[in-house]
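Student:
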Amino acid sequence: MAVLAPPPTGPRRRVQPLLWRLQSFLASYVPLLLMAALAGLTWWLIKSTPQLEAPREKVAPRHVPDYRMQGFELERFSSDGRLVARILGQELRHYPDNDTVEIDQPELRAYGEKGELMIAQAKRALSNGDGSEVQLMGDVKLHRYPNGDPASATDLELYGEFLHAFVPEQKMRSHLPARVVGMGGEMQVRSFEYNNLTGLLTFAGGGKAQFSAQPRRAAAAPAAPSPSASSPTRR
């Protein structure tokens, strides 16, 4: 009996080693993975980089007070420690945008070297930050007391609607009309400047003045003629 041989088969498929397949996989997909990673990194850098902002329009600072004071009193002294001026008021408001101070119901007192006192009052005042210049506005009244006592008589009074005071120099001026009382009369002036240290008051722009006449002393009555001696009688 003849022995049957197995049917012929095709060529056997060669099994590729695992390392070779891994190298082939890496060679095929690693470049793609690197490109994907590079794209992701580029996107992250774009998102993380700060963008240049478009120039914004500069907004002006708001004119609002940063602090307030009620019932305040400020004093200013000279280099030798002498009291030069005192500023009082109902309320003070400081504005940081222009470093100015607004005062309600202000009262400015200036003290001269010889003891004289000047008091100025108004409805409202505007001052710079250090208080060296004060503008009084609305129903301005100024009184000067030569002996420094507010209860005594004044030698000068000013009434108007505006007064610009220079505190260190103790000078005051106004470009608006004012009424001046003193020196035995009353004047209506268009503008003036006053120096509290020297007591000098100057005017500009003309004005009107009225002074009371000083009472004249009564003239002495003429002496009565002495009785004449009788003429000798002639005989």
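One gets the working numbering by counting positions in the sequence shown from 1 and adding 10 to each. Every residue gets a Cβ at the ideal spot worked out from N, C-alpha and C, and that includes glycine.
#1: Check M193 in the structure and name its three-state DSSP category.
#2: On a CA-only basis, which of E123, H104 and F221 is nearest G141? Give me that one, please.
#3: Where do the ends of the beta strand (DSSP E) carrying T208 lie?
#4: Would you say I97 and E112 are within 9 Å of each other, going by their C-beta atoms?
#5: Would you call Q198 buried or exposed, if buried means 16 or more other Cβ atoms sit within 10 Å of its Cβ?
#6: One question on the structure: do L136 and V144 come within less than 9 Å of each other, judged by their Cβ atoms?
#7: DSSP has Q115 in a bridge; who is on the other side?
#8: Which full runs of the beta strand (DSSP E) of 3+ residues lie inside the segment 159–195, going along the chain?
#9: Alpha carbon to alpha carbon, how far is A130 from E67?
#10: Are the Cβ atoms of A163 and G195 separated by less than 9 Å?
#11: CB-CB under 8 Å to T110, same chain, minus the five flanking residues each way: which ones, in chain order?
#12: What would DSSP say about S236, mapped onto helix, strand or coil?
#13: Measure the Cβ-Cβ separation of M193 and F213 and say whether it is below 9 Å.
Tutor: Walking through what the data contain:
#1: coil
#2: H104
#3: Careful: T208 lies outside any beta strand (DSSP E) and carries neither H nor E.
#4: no
#5: exposed
#6: yes
#7: Answer by DSSP bridge pairing: none, since Q115 is not bridged.
#8: 166–176, 181–184 and 188–192
#9: 44 Å
#10: no
#11: H104, L136, S137, N138 and G139
#12: A caution first: S236 carries a pLDDT of 46, below 50, which makes its placement in the model unreliable, though a value can still be read off. Coil.
#13: no
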